[in-house]
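Below: one structure, written as structure tokens.
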Amino acid sequence: MRKIRKAIPGVDTGLLIKDAAKLLPDPSRRLFLRAATSLGAITFLTGCDIVDQDTAGKALMAISRFNDRVQALLFNPNKLAPTYPESAITRPFPFNAYYYEDDAPEVEGETYMLEVGGLVENKKSWTLEELYALPQEKQITRHICIEGWSAIGSWTGTPLRDFLKRVGADLTAKYVWFQCAEGYSNTIDMPTALHPQSQMTFRFDNEILPRKYGFPMKIRIPTKLGFKNPKHVIGMHVTNQNLGGYWEDRGYNWFSGS
Amino acid sequence: MSSGTADARAADLPVASSAAVIHPGWVRVTHWINVIAMFVMITSGWRIYDASPLFGFIFPPAITIGDGLDGLSGALLWHFAAMWLFVVNGAIYVTLGIVSGRFRRKLLPIRPAEVVRDLRAALSGRLSHDDLSVYNSVQRLLYLGVIVAGVVVVLSGVSIWKPVQFQELAAVFGGYAVARYVHFFAMAAIVAFLLVHITLAVLVPRSLRAMIIGR
């Protein structure tokens with residue numbers, strides 16, 4: 014198993030694409046692979062891609078951007094996601110990713126550093142020990158996948174908004190961008206980042222966050238769909254630019270609020 | 024004039040001649056917009072269902088729409104685009120149906136005894152369709168039923184879409200996970216209605232003409 018300490022280097026994007034394609038029905042797999050081959054690494058970096066290639070696709074994407082705005086208006090910063098008792102926790106909690114469980118990134122806790130950048134006063138990187146020392150809260154909430162299934166889990170960590178204040182983030186900025194060890198990424202809106210239940214998570218079900226759930230840190234956002242809850246987060250940037258994300262760049266609705 | 028319902032409603036009907044308008048313009052326009060919206064919502068919804076089936080079957084991908092990169096993103100884009108068409112068009116239809124009195128005039132009353140009688144007549148092929156402007160009791164029940172199913176499919180859909188922001192609504196359906204089943208069965212009810220509805224429209228072509236040119 015390769016050890017991933019920094020971003021994309023070390024990840025074979027070709028293999029990644031093949032793995033993702035294994036989960037697809039035949040015709041879409043062919044389409045996906047063809048598109049992936051023709052556009053190569055560009056698909057990983059740009060916000061516009063295959064869905065945009067025809068007029069219908071463009072119209073659908075325009076409506077999806079409209080839906081982003083509608084969801085931002087519907088988002089109530091004080092509305093809490095329902096919470097549940099311990100007895101409601103789904104066990105075993107499903108593993109879900111665009112790779113197989115065995116291929117989950119393996120991050121070294123001892124050398125791990127969370128890079129904090131963008132519109133923040135204190136750009137220092139954080140060790141895991143420093144992060145663990147932050148005040149922590151536990152939440153038992155429902156994780157909802159864009160596919161429709163859902164599961165109730167228990168996550169413990171520090172509220173993201175407290176951390177953003179601690180590092181002197183510009184809270185009037187529009188977005189927070191998260192970068193993951195293996196190249197996954199997400200951009201979320203600032204109001205959601207400041208929601209009281211948005212959490213930098215270090216523990217799942219009272220245990221140190223296991224590798225399959227995103228060791229050493231995931232971002233738990235119960236007001237957004239599962240794919241907007243990045244795992245193995247190694248970087249956090251406060252920005253006014255929407256940097257998209259792994260699935261967002263592949264046609265999933267950007268806001269994807271619950 | 025259908026045999027069982029004639030006397031009860033003769034008074035409030037326009038004279039049934041070939042010249043009388045059976046379906047006013049707003050009914051026809053909203054009907055055909057709804058055809059498009061329903062087609063997209065149902066077939067994209069099936070593709071979304073396939074990503075995480077509730078039961079031991081999936082819908083054959085060939086009868087679904089939404090070829091995105093992963094087969095799901097395209098279906099979601101279609102579903103969350105056509106929802107606006109479906110909801111706005113449906114809201115206009117229901118509002119006009121209530122305000123104009125058409126629903127009350129055409130769909131009420133529904134008496135169980137008449138439903139049973141008309142259903143028997145229909146199944147034995149003795150139900151008259153001479154006057155398309157009057158709905159028999161079975162039609163009334165089905166048309167009212169599909170409007171209710173349409174309302175339920177929207178409200179349960181909103182509960183699935185926004186189970187946090189509209190958690191009170193989702194709670195009405197038993198929470199997010201149960202609302203998915205409600206959404207599925209409301210869709211199934213609509214599809215069952217469509218099978219009967221389309222079959223009968225084909226068997227009584229005059230009814231199709233009336234929905235296109237109004238008479």
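Taken in order, these protein sequences are the chains called A and B.
The working numbering numbers the first residue of the first sequence as 14 and each following residue consecutively.
The working numbering numbers the first residue of the second sequence as 24 and each following residue consecutively.
Note that the Cβ used here is the ideal one computed from N, Cα and C, for glycine as well.
Put simply, the backbone Cα of Ala-224 of chain B is about 21 Å away from that of Gly-120 of chain B. Here Val-246 of chain A is actually not in contact with Val-180 of chain A; their C-beta atoms are around 14 Å apart, not less than 8 Å. For chain B, the residues of the segment 75–107 of chain A that bring a beta carbon within less than 7 Å of one of its beta carbons are Ile-76, Ser-77, Asn-80, Leu-87, Phe-88, Asn-89, Lys-92, Ala-94 and Pro-95, in chain order. Ranked by how close their Cα comes to the Cα of Val-120 of chain A, the residues A:Pro-223, A:Leu-256 and A:Leu-177 have A:Pro-223 in first place. Along the segment 157–188 of chain B, the positions whose C-beta sits under 7 Å from a C-beta of chain A are Lys-185, Pro-186, Val-187 and Gln-188, read in chain order.
Just so you know, the alpha carbons of Ala-164 of chain A and Glu-123 of chain A end up roughly 31 Å apart.
Annotation for Met-249 of chain A: no alpha helix (DSSP H) segment contains it, though the beta strand (DSSP E) segment containing it runs 246–252. In the three-state reduction of the DSSP assignment, Ile-59 of chain B falls in the helix class. Trp-267 of chain A is a Cβ neighbour of Asp-81 of chain A, given a cutoff of 7 Å.
With respect to the 7 Å criterion, Ser-198 of chain A and Thr-236 of chain A are not classified as neighbours on the basis of their beta carbons. Judged by DSSP secondary structure, Asn-199 of chain A falls within the beta strand (DSSP E) whose first and last residues are 198–202. The C-beta distance from Ala-209 of chain B to Ala-233 of chain B rounds to 27 Å, too long to fall under 8 Å, and the pair is not in contact.
The Cβ of Ser-75 of chain B sits closer than 7 Å to at least one Cβ of chain A. In this structure Ala-105 of chain B is in contact with Val-63 of chain B, their Cβ atoms being roughly 4 Å apart against a cut-off of 8 Å. For the segment 126–155 of chain A, the set of positions with a beta-carbon nearer than 7 Å to some beta-carbon of chain B reads Arg-155 in chain order. Nearest Cα to Gly-131 of chain A within the set A:Ile-221, A:Gly-248 and A:Gly-257: A:Gly-248. The alpha helix (DSSP H) runs lying completely inside the segment 55–128 of chain A and spanning 4 residues or more are 55–58 and 68–87, given in chain order.
Listed along chain B are Ser-75, each with a C-beta nearer than 7 Å to that of Trp-162 of chain A. For Tyr-116 of chain B, no beta strand (DSSP E) run applies; the uninterrupted alpha helix (DSSP H) run containing it begins and ends at 96–122, by DSSP.
Rounded to whole angstroms, the gap between the alpha carbons of Thr-214 of chain A and Glu-220 of chain A is 11 Å.
Here Glu-195 of chain A is buried, its C-beta having at least 16 other C-beta atoms within 10 Å.
For Met-210 of chain B, the uninterrupted alpha helix (DSSP H) segment begins and ends at 199–226. Around the beta carbon of Ile-86 of chain B, fewer than 16 other beta carbons lie within 10 angstroms, which makes this residue exposed. A Cβ-Cβ separation of about 6 Å places Lys-185 of chain B in contact with Leu-87 of chain A under the 8 Å criterion. A straight-line Cα-Cα distance of about 54 Å links Arg-125 of chain B and Arg-174 of chain A. Secondary structure note for Tyr-166 of chain B: its alpha helix (DSSP H) is the uninterrupted segment 160–184. Chain A places no beta carbon closer than 7 Å to that of Tyr-204 of chain B, leaving this residue out of the contacts. By the neighbour-count definition (other C-beta atoms within 10 Å, threshold 16), Thr-154 of chain A is a buried residue.
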